[in-house]
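Residue numbers (the working numbering), protein chains in the order written: chain A, 1 to 307; chain B, 1 to 370.
Now the structure itself:
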């Protein structure tokens, strides 16, 4: 029984990790006042580049690094459009997603049949094979630990460091931040690139660790869920983590129920994770004050110091 | 910021729809110089990839092209969404002079029929559908025959007596496969049980992986799937349990654990249909081919499958091919104990194609809304 609980926890963490990674990155981007809807596209490009590099060099970690760079590079295209050229962020973000879907399918064409050795789960002799605790704490994919560290780092950075305070200031009132001498556009570029790198990492996790394969559209909408999670979390890092695991847990719970033979229509069960998301979002939205308190005030509004 | 939230979620959802629509890719098969080669079109629902439903159809196309040398020229369009886009693509293929057009997904049924009415001189073949017309034939494979054989392998190789089945949607074709697999498994291992998880998607590697992991966590030590990616075979390889692949051989994704695969072979059928059409003898048919017609084949066996098991599978396959044995020969009982077919008789195709219950040995209740 305890073993089973540990297995369930491990599966939940594995399923929630891409959402945690992409969500944490997007949260930083949005905290700086930029709404980048291109997460799905950046994830796919990160996934395909990570897979290609891992397949060519036989070094999965190199692939993951390359996936992050690719995600960041794509996000900078969005940065140029919205921050330098003042394009509409919603339109540019959607375009980025569509572009990413097509681009990843195109460059990945020759890689659909390739088999790679993915990133293996942690195996520390003596610890990973401990009963219960081993499975619970020491046998996940290394990227699961990376995602936890990332959330902790984002939390610490945004709320405990001066630099984080500046990022938030830029997201609240770029005019004020500019007036006291901060380079608003440069800071936003950095935040956008960070979000892109995290989305790329999330895609890399899918393609090189979780299901080591590349096929067109393999993220299957997880980028959009990560976007919703940021709102769900009212722009708080720990809540992104909670939301991602809740989503993972509800998905797995419905599979578990089915495999146990519980007589509930599977269509209803597959709706549950989304239903849970909508429910929580509705509950949060009812409390307009919380949202106003947490949402970056300048979110989605173009800003240029000369304008 | 509720306004922003509302606006972008709306955009996001419509963007997903657009993204899928835009991903349509045009491709042209190799054109060989010949006087007036016969033009044949293919419409695929997903990218060709290197394994899966569309890959098998494309392999059939290539086989046909090879068999008929320079006399045909083929054109295919991949990743065509079922619906309005399909109609546009099929019409485009008909307009550009393709004389025979294969539409290879269930959802192309109505678009195919609609375009066929407008192009009476063009012949159409629709895979897995049930409506025909003067110039529209249908063809399908008896997937369940291969599933029964897969079940025999699973029944012989399991130690926990539990098999896991990752399935896409509860439509008769999929249910038939689950039932045939279960009957095959229990024919050699009466204690065997099959657990089913529906992922409600033909293609989502992440969810397929999660479903596979769930089944393994509940004791399944042989997995199979009726979804399109290789994720289930990979999940089994990672957790060191056996798997049986579907559509295509996936042994390179599970070199140690993929026992065999149920594969679809369309080449011979495509060759014959095109030959008939070239000779002006094509007629709209209702073809449901199986092992006998060469449409269903078992993939190569993994070396861990003992010879006697391989022999049993091969023998059963030749019995099915020769018409001596039918996987659904009565008595067929559903998993609530009700008798669905009396002892001694094979199930008729008509009854078979409407299957909407689990047979004895499948756990749980079929999620069919009635």
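We put the beta carbon where it would ideally sit given N, CA and C, even for glycine.
In the displayed model, residue 172 of chain B falls within a helix according to three-state DSSP. Between the segment 354-365 of chain B and the segment 181-198 of chain B, the count of C-beta pairs closer than 8 Å reaches three or more; the two stretches touch.
Around residue 234 of chain B, the beta-carbon contacts reaching into chain A at under 8 Å are 211, 212 and 213. Counted as a single uninterrupted DSSP element, the beta strand (DSSP E) harbouring residue 261 of chain B occupies residues 258-264. Only those residues of the segment 214-243 of chain B whose C-beta falls short of 7 Å from the nearest C-beta of chain A are listed: 214, 215, 217, 218, 229, 230, 231 and 234. Note on the segment 60-92 of chain A: there is no whole beta strand (DSSP E) run with a minimum of 3 residues. A distance of 8 Å or more separates the beta carbons of residue 82 of chain B and residue 49 of chain B. Look at residue 89 of chain B here: in three-state DSSP terms it is helix. Note on residue 292 of chain A: under 16 other CB atoms within 10 angstroms of its CB, so exposed under the neighbour-count rule. In the DSSP assignment, residue 52 of chain A falls outside any beta strand (DSSP E) and lies within the alpha helix (DSSP H) extending over 39-57. For residue 187 of chain B, the secondary structure class from DSSP, reduced to helix, strand or coil, is helix.
Chain A has no Cβ within less than 8 Å of the Cβ of residue 168 of chain B. When C-alpha distances from residue 276 of chain A are compared across A:25, A:265, A:289 and A:253, the shortest belongs to A:253.
Look at residue 112 of chain A: its C-beta is under 8 Å from a C-beta on chain B.
For residue 140 of chain B, DSSP records a beta bridge to B:288. The Cβ of residue 195 of chain B sits closer than 8 Å to at least one Cβ of chain A. Per DSSP, reduced to three states, the secondary structure at residue 315 of chain B is helical.
Within the segment 24-42 of chain A, the residues whose Cβ lies closer than 8 Å to any Cβ of chain B are, in chain order, 35, 37 and 40. In the displayed model, residue 42 of chain B falls within a strand according to three-state DSSP. From the beta-carbon of residue 210 of chain B, the residues of chain A found nearer than 9 Å are 11, 14, 15, 248, 251, 252 and 255.
Scanning B:237, B:121 and B:107 for the CA closest to the CA of residue 79 of chain B turns up B:107. Apart from the 5 residues on each side of it in sequence, residue 284 of chain B sits with its Cβ closer than 6 Å to the Cβ of 132, 136 and 137 in its chain, given in chain order. Among the bridge pairs identified by DSSP, residue 198 of chain B is matched with B:167. About 16 Å separates the beta carbons of residue 14 of chain A and residue 226 of chain A, which is beyond the 8 Å limit, so they are not a contact pair.
Taking a beta-carbon distance threshold of 8 Å, residue 56 of chain B does not count as an interface residue toward chain A. Under the Cβ distance rule, residue 159 of chain B does not count among the residues neighbouring chain A, no pair being separated by less than 8 Å.
Counting along the chain, the unbroken alpha helix (DSSP H) around residue 154 of chain A starts and ends at 142-160. Residue pairing from DSSP places residue 346 of chain B in a beta bridge opposite B:329. Going by beta carbons, residue 103 of chain B and residue 90 of chain B fall inside the 8 Å limit.
Residues of chain A with a Cβ closer than 8 Å to the Cβ of residue 288 of chain B do not exist, since the nearest Cβ in that chain sits about 28 Å away. Listed along chain A is no residue with a C-beta nearer than 7 Å to that of residue 297 of chain B; the closest approach is about 20 Å. C-alpha of residue 1 of chain A to C-alpha of residue 111 of chain B: approximately 52 Å in a straight line. One finds 195, 363, 364 and 365 in chain B with Cβ atoms closer than 8 Å to the Cβ of residue 261 of chain A, taken in chain order. Within the same chain, and ignoring the five residues on either side of residue 202 of chain B in sequence, the residues whose Cβ sits closer than 7 Å to its Cβ are 168, 227 and 228. Close partners of residue 56 of chain A in chain B (Cβ separation under 9 Å) are lacking, with about 17 Å as the shortest Cβ gap. Burial state of residue 64 of chain A is buried, judged by a 10 Å Cβ sphere holding 16 or more other Cβ atoms.
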